[in-house]
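What follows is one structure encoded as structure tokens, with my remarks underneath.
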Amino acid sequence: MTPVTNSTTPNSGPAAVTFRAPTVNDAPRLWQIARDSRVLDLNSSYSYLLWCRDFRDSSVVAAHGDNIGGFVTGFVRPQDPRTVFVWQVAVDENLRGHGIAASMLNHLLDHLAHQGVTRLETTISPGNTASQALFTSLARTRYTSIARQRLFDPSHFPDQHESEELYTIGDH
Ligand SMILES: CC(C)(COP(=O)(O)OP(=O)(O)OC[C@H]1O[C@@H](n2cnc3c(N)ncnc32)[C@H](O)[C@@H]1OP(=O)(O)O)[C@@H](O)C(=O)NCCC(=O)NCCS
2 MTPVTNSTTP NSGPAAVTFR APTVNDAPRL WQIARDSRVL DLNSSYSYLL WCRDFRDSSV
62 VAAHGDNIGG FVTGFVRPQD PRTVFVWQVA VDENLRGHGI AASMLNHLLD HLAHQGVTRL
122 ETTISPGNTA SQALFTSLAR TRYTSIARQR LFDPSHFPDQ HESEELYTIG DH
């Protein structure tokens, strides 16, 4: 598969932002951004390294100068190669509100369309209104549908984790 290497600039905001597939050297920064978001589940630093090695083709970073300003991690579902599951999206607090998250997701969907991916799944906690707004906007701007259903309730988790609702964008 061809890695996500094309660079594009977002529709608005910092002109120097470009988009590409992550490398393992980016993994520590992804972990930092996830930690600093104070919203995302912070997975082990090792998991971000593995992600940047093995799932780089379905992941994107927003490069801002020498720094990484945001990332999307995802995987194409083994059971359904038409669907990319987006695991985490985050943008550095200083760069938010400039369309960077939307541009990373559009970049990913445009890239994966060449291999037949037509649908995006993600899960969102009921309280994460920013994430709900992001994915609702993505569906609207791509002229496609968005549907929500229950996936994981608190009883599925061994800790105090909130429920996670499944959002599906694209053909159903
Ligand atoms: C959610 C997040 C990734 C958005 O990043 P961003 O680059 O600022 O988002 P964009 O500028 O691309 O915005 C895309 C859309 O989402 C909306 N949006 C983004 N943040 C929002 C917020 N806090 N409240 C309401 N709407 C918001 C924008 O208004 C825009 O919608 P529009 O096209 O209708 O105007 C960022 O706030 C973040 O990193 N949050 C912490 C981590 C997180 O919650 N991740 C999502 C769960 S995996």
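In terms of my numbering, the sequence shown has 134 at position 133, counting the first letter as 1, and numbering is strictly consecutive.
Every residue, glycine too, gets a C-beta built ideally from N, C-alpha and C.
Bear in mind the structure is a predicted one, so any value in this text is a computation, not a measurement.
Practice item. May I have the straight-line CA-CA distance separating A103 from L139, to the nearest angstrom? Key: The sequence position of residue 103 within the sequence shown is 102, counting from 1. The sequence position of residue 139 within the sequence shown is 138, counting from 1. For A103 and L139, the distance between alpha carbons rounds to 7 Å.
Practice item. Give me whichever residues DSSP pairs with G71 in a beta bridge. Key: Position 70 of the sequence shown, counted from the first residue, corresponds to residue 71. A63 and V92.
Review point. With distances taken between CB atoms, is the gap from R143 to L110 smaller than 9 Å?
Key: Numbered from 1 along the sequence shown, position 142 holds the residue referred to as residue 143. Numbered from 1 along the sequence shown, position 109 holds the residue referred to as residue 110. R143 places its beta carbon less than 9 Å from that of L110.
Exercise for review: Give me the Cα-Cα distance between I170 and T74, rounded to the nearest whole angstrom.
Suggested key: For this step, residue 170 is matched to residue 169 along the sequence shown. For this step, residue 74 is matched to residue 73 along the sequence shown. Their backbone Cα atoms lie some 17 Å apart in a straight line.
Point to revise | Whole-angstrom C-beta distance between L121 and V77, which should lie under 8 Å | key: Taking the first residue of the sequence shown as position 1, residue 77 is located at position 76. Taking the first residue of the sequence shown as position 1, residue 121 is located at position 120. That pair is no contact at about 11 Å.
Exercise for review: Kindly list the residues whose CB is nearer than 8 Å to the CB of V85, restricted to its own chain and excluding five residues on each side of it in sequence; keep chain order.
Suggested key: Stepping through the sequence shown from its first residue, residue 85 is reached at position 84. Once the five neighbours on either side are set aside, the close Cβ partners of V85 are S59, G75, F76, V77, R78, L109, L110, L113, V118, R120, L121 and E122.
Practice item. Please report the Cβ distance between G66 and M105, rounded to the nearest whole angstrom; I am assuming they are in contact, meaning their Cβ atoms lie under 8 Å. Key: Against the sequence shown, residue 66 aligns to sequence position 65. Against the sequence shown, residue 105 aligns to sequence position 104. Not quite, the Cβ-Cβ distance comes to about 17 Å (not below 8 Å), so this is no contact.
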